[in-house]
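Going down the list, the protein sequences come from chains A and B. Residue 275 is where the first sequence ends in UniProt numbering, and the numbering goes up by one at each step. Residue 293 is where the second sequence ends in UniProt numbering, and the numbering goes up by one at each step. Below is one structure, written out as structure tokens; comments come after it.
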Amino acid sequence: MNKAVFNKSVITLVMLFLSIVMIVPFLWMISTSFKTPSEVFQYPIQWIPVHFNWSHHVKVWTGDNSFVLYYLNSLKVAVLSTIGAVTLSSLAAYGFARIQFRGRDTMFMVYLSMMMVPPQVLFVPKFIMFDWAGIYNTHWALILPGFFTIFGVFMMRQFFLSVPYEISEAAFIDGAGHFRIFSRIILPMAKPSIATLAIIDFSWHWNDYENALVFLIDHDLFTVPLGLQNFILENNVDYNGMMAAATAGIIPMIIVFLIGQKYIIEGVASSAVKG
Amino acid sequence: MKTSWMKRQQHLGYLFIGPNMIGVILFFIIPAIYSFYLMFTDYKFMSPDTNFVGLDNIQRMLGDEVFYIAIKNTLMFLLSVPVSIGLAFIVAVVLNRSVYLKKLLRALYFMPYITSGVAVAFVWMLLFQPNNGPINGILRAIGIAHPPGWLSTMESSMYAIDIIWVWFMLGYNMIIYLAALQEVSGELLEAAKIDGARTWQTVRSILWPLVSPTTFLLLITGLIMSIKQFGIIQAITQGGPGNSTTVLSLFIYQNAFRYYEMGYASAVSWALFVIIMIFTVVQWLGQKRWVHY
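Okay, here's the thing in structure tokens:
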């Protein structure tokens, strides 16, 4: 074995060891969810339980307010929000990137300035407005605002700007209008960007705790983060149950990540570097 | 470039942007204006009448001891940002160079960032248990007789939150650095190697200066992102013990939705806005000096 290969192998091993430190909380979480109460804080840590105890997972998934309900609520909120956000962001981004009209740049500056407003400024007035409009404590309080993401407009606009204008020009000469150019030419080219936005947006809504905390009170409306919190509050000494619930809360995002890893990582990288 | 067909169809621009703009007006602009108004009232949600109180809320804020504690805690929370960035740079440099399994490693380091903050909050809550938690178990095993109480004492709780946040943000910062390092030309590194530069010298004199725009960007966006964050802290400590982990954003949330002091909460939220605006202006000014396109 030559020196370069040896060095590379050693460095890989070191980085692999450190990466395990990064994911060790998850490993401990899964391991603990299968243990008995007396084994939770045993030291040295028993990584693989002697007897796999499924009862905590059963408890999380069945009974009152089970995670089945939280999953369905989260799926509803995240899927509808994502569909709306991708559609409306793409439309607006096309307008900002590829149509010249009066007031466009001013409008874009307004969008820019809204990024500075912290969510805490908006929570109280939204709470009052939603209460007044009758959507407080309904899923619409999460879904409707979810349609409108300034980040989504930025991301899609960035992509639309990179498409050569000659393509639109040629289509226009052939008699196509903006709607046709948008739906038949630009949108199909943007598939990877759409996938990236959809995955990032979905994960954002799936993990969204703050909005759910402020706008939902009924247990049967709870999304996964609230359901998780609720479970912990009710069972705050059942450490195995807590870890089974945390596992249930994390697994969907890990699956989404494994499927859409490329899109998530590229989307995150491009949003900061280019944006 | 303006062309004739663009000009002719310019009214269509409103149709494309309109639907999104309606939402931005409804869910961003109107609430922002409304909140600005609420700042000058004693709106409480529970009580029926609301009075205009002028600058009372701002005066109350400036005399509120907890407000200053929250600012101090926020600054302590923000300490995690440069630490996470520094670690991410080291990891990114190593991952960008000579390792096998690059994709797997990248995914493993990024994993915390995509998971639910609430779930990881509860996992860390148990890991940090002072008496019998695994972290203190390990610390005792390596000879530390009196490990910190982590989330359970006022002295250590904010540091424990910092550790969680460094861990949470590391993967994100690393991904951005990896993207930046990919832009560094291989020829430059080759030339340095021929000139006899050691690895440490290359990292210090070439890579670190070349990615400095990224470092600056990560620092500012990281500070802004962290200053708004309260979910993990709300889930794990609710600001306690005492007020030792009450950061500014959590202080606003608690005033608004635990005590229903919504006028007061609005005033504090605008203080938060001012802080974020300062960071944004610094970024905007700094961009000209730091970010090279």
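For glycine and all other residues, C-beta sits at the position ideal for the given N, C-alpha and C. Quick caveat, the model's predicted, so the values are computed rather than measured.
query                                                                                                                      : result
Amino acids of chain A, ordered along the chain, whose beta-carbon sits closer than 8 angstroms to that of B:N73           : Neighbours of B:N73 on chain A: none; closest Cβ ~15 angstroms, over 8 angstroms.
CA nearest to the CA of B:F89, picked from B:N243, B:R204, B:S226                                                          : B:R204
Pairwise C-alpha distance: B:F168 and B:G149                                                                               : 21 angstroms
Chain-ordered neighbours of A:T12 on chain B, where CB pairs are closer than 7 angstroms                                   : V99, Y100, L101
Distance, B:F52 Cα to B:Y172 Cα                                                                                            : 44 angstroms
Cβ-Cβ distance between A:A244 and A:S74 below 8 angstroms                                                                  : no
Where the segment 56 to 85 of chain B meets chain A: residues whose CB sits under 8 angstroms from a CB there              : none
Chain B within 8 angstroms of A:P49, Cβ atoms only                                                                         : no
Three or more C-beta pairs below 8 angstroms linking the segment 30 to 41 of chain B and the segment 205 to 224 of chain B : no
Other residues of its chain near A:L226: CB distance less than 8 angstroms, five sequence neighbours each side excluded    : Y70, Y209, A212, L213, L216
Alpha carbon of A:T12 to alpha carbon of B:F251, nearest angstrom                                                          : 44 angstroms
Any chain D beta carbon closer than 8 angstroms to B:Q287                                                                  : You won't find chain D in this structure, because its protein chains are A and B.
Nearest residue (CA-CA) to A:I264, options A:I83, A:I200, A:S183                                                           : A:I200
Against chain A: residues of the segment 166 to 179 of chain B by CB proximity under 8 angstroms                           : W167, L170, G171, Y172, I175, I176, L178, A179
Below-8 angstroms beta-carbon distance, B:S269 vs any chain A residue                                                      : yes
Helix, strand or coil at B:T41 [DSSP, three-state]                                                                         : strand
Contacting residues, own chain, Cβ-Cβ under 6 angstroms from A:G260 (five flanking each side not counted)                  : I199
Spatial distance of A:N65 from A:D220 (CA atoms)                                                                           : 7 angstroms
Assigned exposure category for B:Q182 - 16 Cβ within 10 Å defines buried                                                   : exposed
Beta-carbon spacing of B:V66, B:N243 below 8 angstroms                                                                     : yes
Reduced DSSP secondary structure (H/G/I, E/B, other) of B:F257                                                             : helix
Below-8 angstroms beta-carbon distance, B:T115 vs any chain A residue                                                      : yes
As assigned by DSSP and simplified to three states, the class of A:F231                                                    : helix
Where the alpha helix (DSSP H) containing A:F6 begins and where it ends                                                    : 3 to 33
Chain B contact for A:Q100 (CB, 8 angstroms cutoff)                                                                        : yes
First through last residue of the alpha helix (DSSP H) which encompasses A:Y165                                            : 165 to 173
Local Cβ density within 10 Å of B:G186, reported as buried at 16 or more and exposed below that                            : exposed
The segment 25 to 37 of chain B / the segment 107 to 127 of chain A touching (three or more Cβ pairs under 8 angstroms)    : yes
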